[in-house]
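Below is one structure, written out as structure tokens; the observations come after it.
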Amino acid sequence: MDLVLTDQDILRIERSLDRMLTSSGAHCALLIDRSGQLIASSGDPSTLDVVALSALTAANFGATAEIARLLGEEEFALLFHKGKNENVHFCKVGEEFILVTLFDDRTTLGLVRLRTEKVVKELLKIFEEIIERMRRG
């Protein structure tokens, strides 16, 4: 089932992402679908090519799913890349979405992971409510 998101739904998602950024110390969050389409964002992605990052993230998750399969794993639910100045944490949100969180050394991976776990639960609840609304028509 394809989700139909209203402006109000996007606003709720963005507010959840805003809270996650504030509590984690991260500076940007993107919610994308598995095909690489941007759904919502928070923080300042103005210096990024968001379209390219979204597409590459989706491809990265696809490749990683195949690596997991080769290793006998069902999947890897999260990925992390550490750079000299910038770090990126990717995690699944249900079966259809990926949360991309950008942060630097002013925060820690542990805190980012803790806060993303919380926001993933919030986002899944929002998606469940959207699905229920769509079923009711």
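Positions in the sequence shown are counted from 1; adding 15 to them yields the working numbering.
C-beta atoms are modelled at their ideal positions from N, C-alpha and C, and glycine is treated no differently.
Sort the options by Cα distance to residue i and report the nearest one.
{"i": "S56", "options": "E110, L46, T62 and E147", "result": "L46"}
{"i": "F91", "options": "A83, G98 and P60", "result": "A83"}
{"i": "R128", "options": "M35, I25 and E144", "result": "M35"}
{"i": "A41", "options": "L93, G58 and L63", "result": "G58"}
For residue i, list the residues DSSP reports as bridge partners.
{"i": "N102", "result": "K97 and F118"}
{"i": "S56", "result": "L45"}
{"i": "I113", "result": "I47 and K107"}
Less than 9 Å separating the beta-carbons of residue i and residue j?
{"i": "T116", "j": "S39", "result": "yes"}
{"i": "L68", "j": "N102", "result": "no"}
{"i": "V66", "j": "L86", "result": "no"}
{"i": "F105", "j": "F95", "result": "yes"}
Please state whether DSSP places residue i in a helix, a strand or coil.
{"i": "V19", "result": "coil"}
{"i": "L36", "result": "helix"}
{"i": "L86", "result": "coil"}
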